[in-house]
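Since the structure comes first, as structure tokens, the remarks are kept for the end.
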């Protein structure tokens, strides 16, 4: 096969991957919708309800005392893992009921009601909203995480951009290496054809 025919063949093979890479790269450069998709959803802090005297235990690496709409919380780190304690008894604080979880979420949603809308369902410490956003509460660290359809779309674009086209990492690695080899071959053949003129 001549250099020119090989160059054309490789160019045709790379049309779709290069088109996908270019379009997704443009999205990553402009970043439309990123702010909402990757927004940190903070739990709203309130003034502490009472004065507390705490004596730290020897195995506590870190402590944080805060108050939410549900009351006071003591967060401690033990062996690099978060624990959520009752500040008065120092025993593990029980997870919120569904109703308490809704109250906590509504308080957190108040800073961006357009994104979160209303709570439509609760499943343990996860909730689905009327805007399609899924919100999950990590109770030991008292942190919320959120993802919506926009988050899923951007994650899909990343998979297209970085040649993660299959569920198999090994296959994706082979595709990535093959794509780079074809791209280098296209470049070398293009330079060779140019110099032969």
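Numbering (my numbering), first residue to last: 247 to 443. Just so you know, even glycine gets a beta-carbon here, dropped at the ideal spot from N, CA and C.
Does DSSP put residue 332 in a helix, in a strand, or in coil? The answer is coil: DSSP assigns residue 332 none of H, G, I, E or B.
Could you pull the start and end residues of the alpha helix (DSSP H) that residue 306 belongs to? No alpha helix (DSSP H) contains residue 306, which is instead part of the beta strand (DSSP E) from 306-314.
Let me know the secondary structure DSSP gives residue 256 once reduced to three states. In the displayed model, residue 256 falls within a helix according to three-state DSSP.
Locate the beta strand (DSSP E) running through residue 409, then write down its first and last residues. For residue 409, there is no enclosing beta strand (DSSP E), as DSSP marks it with neither H nor E.
Please classify residue 400: is it buried, with 16 or more other beta-carbons within 10 angstroms of its beta-carbon, or exposed? With 16 or more Cβ atoms within 10 Å of its Cβ, residue 400 is classed as buried.
Short Cβ contact (9 Å threshold) for residue 354 with residue 287: Yes, these two residues count as a Cβ contact at 9 Å.
Taking the C-alpha atoms as reference points, what is the distance between residue 278 and residue 295? Spanning the two alpha carbons is a distance of roughly 41 Å.
Own chain partners of residue 391 with C-beta closer than 8 Å, once the 5 adjacent residues on each side are dropped: Non-local C-beta neighbours of residue 391 in its own chain, meaning closer than 8 Å and more than five positions away in sequence, comprise 287, 381, 382, 384, ordered along the chain.
So, is residue 357 buried or exposed, given that buried needs 16 or more other C-beta atoms within 10 angstroms? It is exposed - the Cβ of residue 357 has fewer than 16 other Cβ atoms within 10 Å.
Below 9 Å between beta carbons: does that hold for residue 362 and residue 270? With contacts defined as CB atoms closer than 9 Å, residue 362 and residue 270 fail to qualify as a contacting pair.
Pop quiz: residue 406 and residue 257 are said to be a contact at Cβ under 8 Å. What is the actual Cβ separation, rounded to whole angstroms? The beta-carbon distance between residue 406 and residue 257, rounded to whole angstroms, is 20 Å. This is too long to meet the 8 Å contact definition.
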